[in-house]
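*Asks:*
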Amino acid sequence: MKILSRTEVLSISAKKCDCCGEISNVDDAEFNEFLSIDRVCGYASVFGDGEHIAVDLCQRCVKNILGEWIR
Ligand SMILES: [Zn+2]
1100 MKILSRTEVL SISAKKCDCC GEISNVDDAE FNEFLSIDRV CGYASVFGDG
1150 EHIAVDLCQR CVKNILGEWI R
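Numbering of the sequence shown is given in my numbering, commencing with residue 1100 and proceeding in unit increments.
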């Protein structure tokens, strides 16, 4: 027998670009074009072992910042 209980679930409703501030709601096509990095760094990281880094960038900022290296 499974005993169920109610839990609160959080979901992403929008993303805000950390560079330019553009906000896209989950139902906008632009929302799916964001590049998001969210990770815990390892031993050799320049950010520090165990540091948590995160960034959300809209596609225009990704192109502006990384454009020449994107294949
Ligand atoms: Zn942006």
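Glycine is no exception: its CB is placed at the ideal position from the N, C-alpha and C atoms.
1. Got a list of residues with beta-carbon closer than 6 Å to any non-hydrogen atom of ligand 1, in chain order?
2. For Arg1138, write down the residues that DSSP places opposite it in a beta bridge.
3. Just the C-alpha distance for Arg1138 and Gly1147, rounded to the nearest angstrom, thanks.
4. What residue range is occupied by the uninterrupted beta strand (DSSP E) comprising Lys1114?
5. In the structure shown, what three-state DSSP assignment does Val1102 receive?
*Replies:* Taking the geometry as given:
1. Cys1116, Cys1118, Cys1119, Glu1121, Leu1156, Cys1157, Arg1159 and Cys1160
2. Ile1152
3. 12 Å
4. Ala1113 to Lys1115
5. It is Ile, not Val, that sits at residue 1102 in the sequence shown. Note: Ile1102 maps to coil in three-state DSSP.
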